[in-house]
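Chemist: Chains as they are written, first to last, in the numbering used here: chain U, 1 to 301; chain H, 1 to 234. Cβ coordinates follow ideal geometry from the N, Cα and C atoms, glycine included. First, the structure itself, so that you have it in front of you.
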């Protein structure tokens with residue numbers, strides 16, 4: 001274990017946390033992932049809205065695309081033109097953000113236009129001030145992930161054998177999978193349906209009945225980002241940060257050649273701790289909230 | 001390339017890796033879009049996406065380990081551990097949101113009692129939903145699925161590296177074989193499953209057969225890949 005490697009792993013964990021948070025907020029502003037099924041349904045059940053609608057693809061493939069685009073440009077800049085690593089990452093992220101802007105605009109216009117028969121309008125003001133926010137978050141995500149990949153390939157020892165674009169592809173898929181699994185629940189389960197009874201999932205009867213009024217005026221996607229940045233985004237960042245940090249920490253502390261058993265055993269220890277923590281969450285939720293009042297059957301465990 | 005006895009072993013390793021991925025997907029508790037609205041039990045995303053996210057994190061760890069050792073067992077084990085860490089971190093942070101933001105107790109609608117903790121489930125299933133959150137049985141099942149996915153990904157990567165010696169090409173081909181098997185398994189479970197306690201889990205032999213056929217064809221193509229360096233590339 002050397003201090004430089006540990007510092008790098010800590011930096012990677014911090015960058016991954018920021019990447020996870022910005023990825024989730026990007027998907028909330030653009031209403032990209034699973035909860036977007038409700039946004040699309042809303043107009044069809046008579047609730048036209050002012051929510052952005054950028055279902056370009058599932059979060060993992062689309063984030064893999066942005067991160068790989070950024071990584072390829074960074075890789076070319078580093079290997080062919082000798083650009084400093086951090087500037088190359090920034091330049092690559094800028095390209096990814098531009099790509100995302102093009103896809104977002106076409107997705108919003110296309111999807112809203114196809115719902116014209118349900119009275120869904122295309123709002124140009126939404127398009128004008130939401131798209132740059134989405135692009136900015138994609139820039140942050142791509143920059144952080146390309147920087148993590150650069151650290152793994154050029155700085156961290158042992159150097160990772162994969163080239164930067166493939167590492168960015170895999171981390172992009174992973175951050176998208178985590179954003180889609182964690183942050184989406186805060187947006188879909190909580191923010192989209194704030195007037196239903198608290199403490200339960202969405203009743204199937206209420207599908208498409210999303211909240212359309214904001215704290216002031218009509219709700220738009222920036223309001224959703226404001227809400228989800230308080231818990232959903234940081235939790236996503238924590239999930240991705242834990243993944244990157246714990247996975248690399250064990251091979252940074254223990255030498256993978258001579259102490260591979262210790263590195264693997266440490267990983268299994270983390271897994272057991274997380275299983276127990278989830279059990280604690282389950283137990284405390286059951287104790288605090290109790291069974292649903294309408295239930296008529298057997299309650300005892 | 002030279003076709004010898006070791007080629008048969010490489011093909012078998014790739015086929016076993018593909019089968020592990022295909023069966024491992026059946027263990028991962030995914031509820032799809034309804035789970036993101038706390039309307040179904042499991043993780044709120046797609047099967048393939050989550051399986052790929054964890055399996056490929058394992059592949060990254062396995063690739064790093066293979067760059068420093070040729071011993072198969074640490075490579076497989078580190079791949080499995082990398083995948084398990086990813087899926088557990090995801091499920092744990094997801095559980096925070098279910099417990100502390102949506103404020104719902106975790107419950108499965110597929111069984112009356114959790115097979116691991118013995119907790120009763122029906123009283124805690126919200127009206128109009130088919131469960132919510134990630135109960136312990138789903139969490140453990142997901143961990144087993146990630147273990148199989150991580151071992152499978154590493155087991156596909158290992159022979160490819162021995163054949164062509166190019167980490168980038170081996171990784172991309174391993175990702176491709178991984179996705180094929182994950183998608184086949186996902187069709188088999190129709191997109192959502194709660195884990196090994198779900199009645200849909202009994203359908204795994206169908207996925208086993210289709211993954212066997214697909215992995216075998218892909219394995220034959222994979223062992224014929226010529227390293228870029230010897231064909232005049234970079």
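Helix, strand or coil for residue 112(U) per DSSP?
Modeler: Start at 1 with the first residue of the first chain, and residue 112(U) comes out as number 112. In this structure, residue 112(U) counts as helix in the three-state DSSP scheme.
Chemist: Please tell me whether residue 267(U) has its Cβ less than 8 Å away from any Cβ of chain H.
Modeler: Walking along the first chain from the start, residue 267(U) turns up at place 267. Taking Cβ atoms only, chain H reaches closer than 8 Å to residue 267(U), which makes this a yes.
Chemist: Rounded C-beta distance between residue 118(H) and residue 58(H)? I'm assuming under 8 Å.
Modeler: Position 118 of the second chain, counted from the first residue, corresponds to residue 118(H). Position 58 of the second chain, counted from the first residue, corresponds to residue 58(H). Not quite, the Cβ-Cβ distance comes to about 31 Å (not below 8 Å), so this is no contact.
Chemist: Would you mind stating whether residue 162(U) and residue 182(H) have Cβ atoms separated by less than 8 Å?
Modeler: Mapped onto the first chain, residue 162(U) falls at position 162. Mapped onto the second chain, residue 182(H) falls at position 182. It is not a contact, given that the beta carbons lie outside the stated cut-off.
Chemist: Taking a Cβ distance cut-off of 7 Å, strictly less, list which residues of the segment 181 to 203 of chain H are near chain U, in chain order.
Modeler: Within the segment 181 to 203 of chain H, no residue has a Cβ that lies closer than 7 Å to any Cβ of chain U.
Chemist: With 8 Å as the threshold, decide whether the Cβ of residue 214(H) is near any Cβ in chain U.
Modeler: Translated into the one-based positions of the second chain, residue 214(H) becomes position 214. Taking Cβ atoms only, chain U never reaches closer than 8 Å to residue 214(H), which makes this a no.
Chemist: Spell out a yes or no on whether the segment 221 to 241 of chain U and the segment 203 to 211 of chain U are touching, meaning 3 or more CB-CB pairs, one atom from each, closer than 8 Å.
Modeler: Output reads no: the segment 203 to 211 of chain U does not touch the segment 221 to 241 of chain U.
Chemist: What does a CB cutoff of less than 8 Å around residue 32(U) pick up in its chain, not counting 5 residues either side in sequence?
Modeler: As a first step, residue 32(U) must be located in the first chain, where it is residue number 32. So the list reads 26, 54, 55, 56, 59, 62, once near-sequence residues are dropped.
Chemist: Take the Cβ of residue 13(H) as the centre, count every other Cβ of all protein chains shown within 10 Å, and call the residue buried at 16 or more, exposed below.
Modeler: Within the second chain, numbered from 1, the residue matching residue 13(H) stands at position 13. When all chains shown are included, residue 13(H) counts as buried.
Chemist: Among the candidates 113(U), 253(U), 237(U), whose CA atom is the shortest distance from the CA of residue 14(U)?
Modeler: Here residue 14(U) is taken as the residue at index 14 of the first chain, counted from 1. Of 113(U), 253(U), 237(U), the residue nearest in Cα terms is 237(U).
Chemist: Quick one, which of 249(U), 268(U), 259(U), 276(U) has its alpha-carbon nearest residue 7(U)'s?
Modeler: Position 7 of the first chain, counted from the start, is the residue given in the question as residue 7(U). It is 249(U) whose Cα lies nearest to the Cα of residue 7(U).
Chemist: With DSSP as the reference, identify every bridge partner of residue 132(H), one or two as the case may be.
Modeler: In the second chain, the residue the question calls residue 132(H) occupies position 132. Partner(s): 107(H).
Chemist: Using CA atoms only, rank isn't needed, just tell me which of 189(H), 87(H), 125(H), 177(H) is closest to residue 142(H).
Modeler: On the second chain, position 142 is the one that residue 142(H) refers to. Closest by alpha carbon: 87(H).
Chemist: Tell me where the alpha helix (DSSP H) around residue 263(U) begins and ends.
Modeler: Here the question's residue 263(U) lines up with position 263 in the first chain. First-last of the alpha helix (DSSP H) with residue 263(U): 260 to 289.
Chemist: Should residue 97(H) be flagged as near chain U, meaning a C-beta pair shorter than 8 Å?
Modeler: The count along the second chain starts at 1 and reaches residue 97(H) at position 97. Chain U, which has a Cβ nearer than 8 Å to the Cβ of residue 97(H), makes this yes.
Chemist: Going by CA-CA distance only, name the one from 287(U), 2(U), 98(U), 115(U) that's closest to residue 309(U).
Modeler: Residue numbering for chain U in the displayed model covers 1 to 301; residue 309(U) lies beyond these limits and cannot be assessed.
Chemist: May I have the straight-line CA-CA distance separating residue 131(H) from residue 190(U), to the nearest angstrom?
Modeler: Indexing the second chain from 1 puts residue 131(H) at position 131. Indexing the first chain from 1 puts residue 190(U) at position 190. Cα to Cα, residue 131(H) sits roughly 16 Å from residue 190(U).
Chemist: Since residue 30(H) and residue 18(H) should fall inside the 8 Å C-beta cutoff, what is the C-beta to C-beta distance between them, to a whole number of angstroms?
Modeler: On the second chain, residue 30(H) is found 30 positions in, with the first residue counted as 1. On the second chain, residue 18(H) is found 18 positions in, with the first residue counted as 1. The Cβ separation is near 20 Å, so there is no contact.
Chemist: When you compare the segment 100 to 110 of chain U with the segment 125 to 137 of chain U, are there three or more beta-carbon pairs, one atom per stretch, that lie closer than 8 Å?
Modeler: Output reads yes: the segment 125 to 137 of chain U touches the segment 100 to 110 of chain U.
Chemist: Based on DSSP bridge pairs, tell me the residues matched to residue 257(U).
Modeler: Within the first chain, residue 257(U) is the residue found at index 257, counting from 1. Its beta-bridge partners do not exist; DSSP assigns none.
Chemist: How about residue 119(H): is its C-beta nearer than 8 Å to some C-beta of chain U?
Modeler: Residue mapping note: residue 119(H) aligns to position 119 of the second chain, counting from 1. Cβ-Cβ to chain U under 8 Å: yes for residue 119(H).
Chemist: Measuring CB to CB, does residue 306(U) end up less than 8 Å from residue 172(U)?
Modeler: Missing from the structure shown is residue 306(U); chain U here goes from 1 to 301 and no further.
Chemist: What is the DSSP secondary structure of residue 213(U), counted as helix, strand or coil?
Modeler: Taking the first residue of the first chain as position 1, residue 213(U) is located at position 213. Reduced to three states, the DSSP call for residue 213(U) is strand.
Chemist: If I measure Cβ to Cβ from residue 96(H) and keep anything under 8 Å in the same chain, skipping five residues before and after, which residues do I get?
Modeler: Translated into positions along the second chain, residue 96(H) becomes position 96. Excluding positions up to five away in sequence, the list is empty.
Chemist: Report buried or exposed for residue 232(H), applying the criterion of at least 16 other Cβ atoms within 10 angstroms of its Cβ.
Modeler: As a position in the second chain, residue 232(H) is number 232, starting the count at 1. Residue confidence is low: residue 232(H) scores 46 on pLDDT, short of 50, so the model does not pin down where it sits. Its coordinate-derived value is still stated next. Classification of residue 232(H): exposed, given that the 10 Å Cβ count is below 16.
Chemist: So, helix, strand or coil for residue 219(U), using DSSP?
Modeler: Residue mapping note: residue 219(U) aligns to position 219 of the first chain, counting from 1. Residue state, collapsed to three classes: coil.
Chemist: Between the alpha carbons of residue 234(H) and residue 76(H), how many angstroms are there, rounded?
Modeler: In the second chain, counting from the first residue as 1, residue 234(H) sits at position 234. In the second chain, counting from the first residue as 1, residue 76(H) sits at position 76. Model confidence at residue 234(H) stands at a pLDDT of 44, short of 50, so the residue's coordinates are unreliable and nothing is read from them.
Chemist: Can you tell me whether DSSP reads residue 221(H) as helix, strand or coil?
Modeler: To locate residue 221(H), count along the second chain from 1; it is residue 221. Three-state DSSP puts residue 221(H) in a helix.
Chemist: Could you tell me which chain H residues have their CB closer than 7 Å to the CB of residue 166(U), listed as they occur along the chain?
Modeler: Taking the first residue of the first chain as position 1, residue 166(U) is located at position 166. Ordered by position in chain H, the residues that pass the 7 Å Cβ test against residue 166(U) are 168, 171, 172.
Chemist: What does a CB cutoff of less than 8 Å around residue 286(U) pick up in its chain, not counting 5 residues either side in sequence?
Modeler: Locating residue 286(U) in the first chain gives position 286, counting from the first residue. Once the five neighbours on either side are set aside, residue 286(U) has no close Cβ partner at all.
Chemist: If we call anything under 8 Å between Cβ atoms a contact, is residue 189(H) one with residue 200(H)?
Modeler: Start at 1 with the first residue of the second chain, and residue 189(H) comes out as number 189. Start at 1 with the first residue of the second chain, and residue 200(H) comes out as number 200. Yes. Within cutoff.
Chemist: With a threshold of 8 Å between beta carbons, is residue 111(U) in contact with chain H?
Modeler: The sequence position of residue 111(U) within the first chain is 111, counting from 1. No - not a single Cβ of chain H is within 8 Å of the one on residue 111(U).
Chemist: Out of 208(H), 73(H), 65(H), point me to the one whose CA is closest to residue 251(U)'s CA.
Modeler: Within the first chain, residue 251(U) is the residue found at index 251, counting from 1. Minimum Cα distance to residue 251(U) is reached at 65(H).
Chemist: So for residue 231(H), helix, strand or coil by DSSP?
Modeler: Against the second chain, residue 231(H) aligns to sequence position 231. Caution is warranted here: a pLDDT of 49 is assigned to residue 231(H), below 50, making its placement in the model unreliable, and the coordinate value is therefore given only provisionally. Note: residue 231(H) maps to helix in three-state DSSP.
Chemist: Please check if any C-beta of chain U sits within less than 8 Å of the C-beta of residue 86(H).
Modeler: As a first step, residue 86(H) is located in the second chain; it is residue number 86 there, counting from the start. So, interface residue.
Chemist: Against chain H, does residue 199(U) count as a neighbour if the rule is that its beta carbon must be under 8 Å from one of theirs?
Modeler: To locate residue 199(U), count along the first chain from 1; it is residue 199. Yes, residue 199(U) counts as interfacial toward chain H.
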